[in-house]
Amino acid sequence: MLIVQKFGGSSVATLERIRNVAQRVLATQRTGQDVVVVVSAMAGETNRLIGLSNQLASEGDVTLTSKGPYVASERAGDRAHERELDQLVSTGENVSAALLAMAIQNAGGRSISLVGHQIGLQTDATYTNARILGFSHGRIRQELSAGNVVVCAGFQGLNAAGNITTLGRGGSDTSAVALAAALKADVCEILTDVDGVYTTDPRIEPRARKIHRITYEEMLELASLGAKVLQIRSVEFAMKFGVPVHVRSSLNESEGTWIVSEQKSLESAVVTGVALDRNEAKVTLTNVPDVPGTIASIFGVLAGADIIVDMIIQNASRGGSTDVTFTVPENDLKKAVAGLRSLDLPGAGPMEILSDPDICKISIVGVGMRTHAGVASKAFEILGRENINIQMVSTSEIKVSVIVHERYGELALRALHAGFGLHEGPASSAA
Ligand code: ADP
Ligand code: ASP
Ligand code: MG
7 MLIVQKFGGS
17 SVATLERIRN
27 VAQRVLATQR
37 TGQDVVVVVS
47 AMAGETNRLI
57 GLSNQLASEG
67 DVTLTSKGPY
77 VASERAGDRA
87 HERELDQLVS
97 TGENVSAALL
107 AMAIQNAGGR
117 SISLVGHQIG
127 LQTDATYTNA
137 RILGFSHGRI
147 RQELSAGNVV
157 VCAGFQGLNA
167 AGNITTLGRG
177 GSDTSAVALA
187 AALKADVCEI
197 LTDVDGVYTT
207 DPRIEPRARK
217 IHRITYEEML
227 ELASLGAKVL
237 QIRSVEFAMK
247 FGVPVHVRSS
257 LNESEGTWIV
267 SEQKSLESAV
277 VTGVALDRNE
287 AKVTLTNVPD
297 VPGTIASIFG
307 VLAGADIIVD
317 MIIQNASRGG
327 STDVTFTVPE
337 NDLKKAVAGL
347 RSLDLPGAGP
357 MEILSDPDIC
367 KISIVGVGMR
377 THAGVASKAF
387 EILGRENINI
397 QMVSTSEIKV
407 SVIVHERYGE
417 LALRALHAGF
427 GLHEGPASSA
437 A
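Here the sequence shown is numbered in my numbering, starting from 7 and rising by one per residue.
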């Protein structure tokens with residue numbers, strides 16, 4: 007039996023907590039399992055390091071982002087700078103890995119810490135947001151055979167040129183699931199500061215309910231729509247390789263949330279969860295010529311600048327021109343507007359570019375939506391009753407997302423959470 011246990015930043019925030027993690031890991035090993043641990047940096051450390059780099063960067067709008075990539079926008083794409091940023095931020099995980107290995111040794115166990123290059127964790131070339139390509143098992147297997155708890159530094163790898171890369175904010179989740187997949191671990195435990203995945207962020211809605219089982223697909227949607235409890239790519243890996251993931255508390259032994267394939271999921275609620283993403287901004291282009299190729303030019307500019315566009319709306323044409331509205335990550339807003347200003351559309355009148363960072367996206371997710379009509383209309387009704395104006399809508403088979411003013415984000419989240427009967431306790435009758 008082999009288990010991968012990943013401890014997030016809050017779980018290794020102090021020496022006291024690191025000692026507790028050491029005890030927990032040793033207790034797991036005593037049950038006869040081989041244990042590979044993946045650690046994040048101590049809470050706040052990654053932000054501190056990014057902050058130092060930002061202080062050095064030129065004056066102007068340098069942003070500290072809570073999601074990767076985390077490069078001041080005007081330096082994004084500056085590979086020399088991004089290389090150093092990854093050298094810098096990867097150190098946080100080295101510290102916690104070594105401290106945990108020492109704590110395990112002090113508690114009488116055998117342990118060794120290994121950083122990305124020591125486990126041959128290969129990534130693509132993208133600094134600050136790299137993708138894992140593979141890793142060599144040899145060293146980890148050898149250390150496990152010697153009776154060690156192997157503590158790996160999460161979040162980091164090595165590109166083909168031998169430089170350190172990092173995996174985007176929250177990337178230790180992905181390190182852990184990828185190691186679990188490659189080592190064919192029986193389970194990947196994500197030990198964090200909540201005791202599972204909830205119907206929404208329990209920090210925003212204390213009446214959120216713990217979900218006992220959730221499908222990979224639903225978790226993927228929730229993670230990509232703003233629920234930062236797991237990094238999106240970790241869920242992609244888990245789904246692709248069928249890794250059983252158990253999200254649970256690092257502070258107690260209670261059963262958490264199992265992320266499983268659809269056949270194994272027991273709960274088939276229409277709406278499983280609600281997520282809030284504050285990290286989007288809206289751009290509207292007015293007076294866009296309604297001719298073939300225009301939209302391709304607009305989104306070509308954004309793609310060329312590596313900007314990921316989320317929702318897109320094009321209005322019906324009036325008098326040969328139209329309006330186009332779309333959302334981009336808030337950190338990319340300046341870059342997007344600058345790129346669009348440089349756009350030279352043939353035959354265009356004065357195209358106006360309006361940008362609005364004060365928006366957020368609320369999404370409801372559930373595989374049950376596939377077989378239930380009227381979910382979107384019920385969501386609109388709930389928001390209408392709260393007097394919340396909907397600026398944009400997008401739907402897929404298993405989700406409905408709306409853009410609203412940032413000010414109403416939490417209110418909208420709570421209203422939808424109650425309206426779809428997700429509150430703890432007897433089902434709500436609010437809708
Ligand atoms: P770690 O440092 O262990 O990686 P994170 O801070 O990245 O932990 O993720 C845990 C946090 O995710 C929780 O404290 C919680 O506020 C937030 N979160 C957001 N959405 C959810 C959700 N649906 N269920 C549980 N936690 C959520
Ligand atoms: N330390 C990194 C971060 O803060 C990676 C992680 O915690 O998963 O984003
Ligand atoms: Mg995390």
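Cβ atoms here follow ideal geometry from the backbone N, Cα and C, with glycine treated the same way.
Cβ separation of residue 404 and residue 280, assumed to be a contact under 8 Å, to the nearest whole Å: In the sequence shown, counting from the first residue as 1, residue 404 sits at position 398. In the sequence shown, counting from the first residue as 1, residue 280 sits at position 274. Contact flag wrong, Cβ pair sits at about 13 Å.
Residue environment, residue 70, which counts as buried when at least 16 other CB atoms sit within 10 Å: Working through the sequence shown from its first residue, we reach residue 70 at position 64. Reliability of the predicted coordinates at residue 70 is poor, the pLDDT of 46 falling under 50, and no value is obtained from them.
Integer Cβ distance of residue 206 from residue 417, believed to fall under 8 Å: Against the sequence shown, residue 206 aligns to sequence position 200. Against the sequence shown, residue 417 aligns to sequence position 411. About 13 Å separates the two Cβ atoms, so there is no contact after all.
Option nearest residue 311 by Cα separation, candidates 338, 322, 302 and 293: As a first step, residue 311 must be located in the sequence shown, where it is residue number 305. When only C-alpha atoms are compared, the closest one is 338.
Proximity below 8 Å, CB of residue 202 to CB of residue 262: Position 196 of the sequence shown holds residue 202. Position 256 of the sequence shown holds residue 262. It is a contact, given that the beta carbons lie within the stated cut-off.
Spatial neighbours of residue 85 in its chain, beta-carbon cut-off 8 Å, leaving aside the 5 residues before and after: As a position in the sequence shown, residue 85 is number 79, starting the count at 1. Around residue 85: 133.
Helix, strand or coil at residue 131 according to DSSP, with G and I counted as helix: In the sequence shown, counting from the first residue as 1, residue 131 sits at position 125. In the structure shown, residue 131 sits in coil (DSSP, three-state: anything other than H, G, I, E or B).
Distance cut-off 7 Å: residue 242 Cβ against heavy atoms of ligand 2: Stepping through the sequence shown from its first residue, residue 242 is reached at position 236. Checking every heavy atom of ligand 2 against the Cβ of residue 242, none is found closer than 7 Å.
Bridge-paired residues (DSSP) for residue 163: Numbered from its first residue, the sequence shown carries residue 163 at position 157. Bridge partners of residue 163: 171.
Residue 68 versus residue 431: straight-line alpha-carbon distance, rounded: Here residue 68 is taken as the residue at index 62 of the sequence shown, counted from 1. Here residue 431 is taken as the residue at index 425 of the sequence shown, counted from 1. Reliability fails at residue 68, whose pLDDT of 44 lies under 50, so the model's placement of it is uncertain and the value that follows must be treated cautiously. Cα to Cα, the separation comes out at about 44 Å.
Alpha helix (DSSP H) segment containing residue 94, residue limits: Taking the first residue of the sequence shown as 1, we reach residue 94 at position 88. Residue 94 -> alpha helix (DSSP H) spans 85 to 95.
Environment of residue 12 [buried if 16+ CB atoms lie within 10 Å]: By 1-based counting over the sequence shown, the position of residue 12 is 6. Burial call: buried.
Heavy atom of ligand 3 within 7 Å of residue 207 beta-carbon: The residue you call residue 207 lines up with position 201 of the sequence shown. Every heavy atom of ligand 3 is 7 Å or more from the Cβ of residue 207, so no.
Where residue 425 falls: helix, strand or coil (DSSP): The residue given as residue 425 occupies position 419 in the sequence shown. DSSP places residue 425 in helix when its eight states are reduced to three.
Reference residue 204; option with closest CA among 193, 194, 324 and 217: Working through the sequence shown from its first residue, we reach residue 204 at position 198. Of the candidates 193, 194, 324 and 217, the one whose C-alpha sits nearest the C-alpha of residue 204 is 217.
Any non-hydrogen atom of ligand 3 within 7 Å of residue 234 CB: For the purposes of this step, residue 234 is taken as residue 228 along the sequence shown, with counting starting at 1. Yes, ligand 3 has a heavy atom inside 7 Å of this Cβ.
Cα-Cα separation, residue 240 to residue 248: For the purposes of this step, residue 240 is identified with residue 234 of the sequence shown, where counting begins at 1. For the purposes of this step, residue 248 is identified with residue 242 of the sequence shown, where counting begins at 1. If I take the Cα positions, the gap works out to 12 Å.
contact_flag[the region 177 to 191, the region 210 to 227] where n(CB pairs < 8 Å) is 3 or more: no
Any non-hydrogen atom of ligand 3 within 7 Å of residue 160 CB: Looking up residue 160 in the sequence shown gives position 154. Incorrect: residue 160 has no Cβ contact closer than 7 Å to ligand 3.
Every unbroken alpha helix (DSSP H) within the region 211 to 264, with a cutoff of 4 residues, ordered by chain: 222 to 230 and 238 to 247
Cross-strand partners of residue 281 (DSSP beta bridge): On the sequence shown, position 275 is the one that residue 281 refers to. In the DSSP output, where bridge partners are listed per residue, residue 281 has 369.
Other residues of its chain near residue 39: CB distance less than 7 Å, five sequence neighbours each side excluded: Position 33 of the sequence shown holds residue 39. Excluding sequence neighbours, residue 39 sits near 7, 8 and 9.
Distance CB(residue 189)-CB(residue 146) smaller than 8 Å: Numbered from 1 along the sequence shown, position 183 holds the residue referred to as residue 189. Numbered from 1 along the sequence shown, position 140 holds the residue referred to as residue 146. Cβ atoms of residue 189 and residue 146: closer than 8 Å.
CB-CB length for residue 49 against residue 19, believed under 8 Å: Locating residue 49 in the sequence shown gives position 43, where the first residue counts as 1. Locating residue 19 in the sequence shown gives position 13, where the first residue counts as 1. About 4 Å; that satisfies the 8 Å criterion.
Those residues which DSSP pairs with residue 358 across a bridge: Looking up residue 358 in the sequence shown gives position 352. Looking at the DSSP assignment, residue 358 forms a beta bridge with 292.
Secondary structure of residue 341, DSSP reduced to three states: For the purposes of this step, residue 341 is taken as the residue at position 335 of the sequence shown. It is helical.
Residue 24, enclosing alpha helix (DSSP H) - first and last residue: In the sequence shown, the residue the question calls residue 24 occupies position 18. Note, residue 24: alpha helix (DSSP H), 21 to 36.
Enclosing beta strand (DSSP E) for residue 333 [first to last residue]: Taking the first residue of the sequence shown as position 1, residue 333 is located at position 327. Start and end: 327 to 335.
At least three beta-carbon pairs within less than 8 Å, the region 155 to 171 to the region 219 to 234: no
Assigned secondary structure, residue 143 (DSSP; H/G/I helix, E/B strand, else coil): Reading the sequence shown from its first residue, position 137 is the one you call residue 143. Three-state result, residue 143: coil.
Residues near residue 66 in its chain [Cβ-Cβ closer than 6 Å; skip 5 each side]: Along the sequence shown, one-based indexing puts residue 66 at 60. Its pLDDT being 46, under 50, residue 66 is placed unreliably by the model, and the measurement read from it follows with that caveat. Contacts found: none.
Any non-hydrogen atom of ligand 2 within 7 Å of residue 175 CB: By one-based count along the sequence shown, residue 175 stands at place 169. Yes, the beta carbon of residue 175 sits closer than 7 Å to at least one heavy atom of ligand 2.
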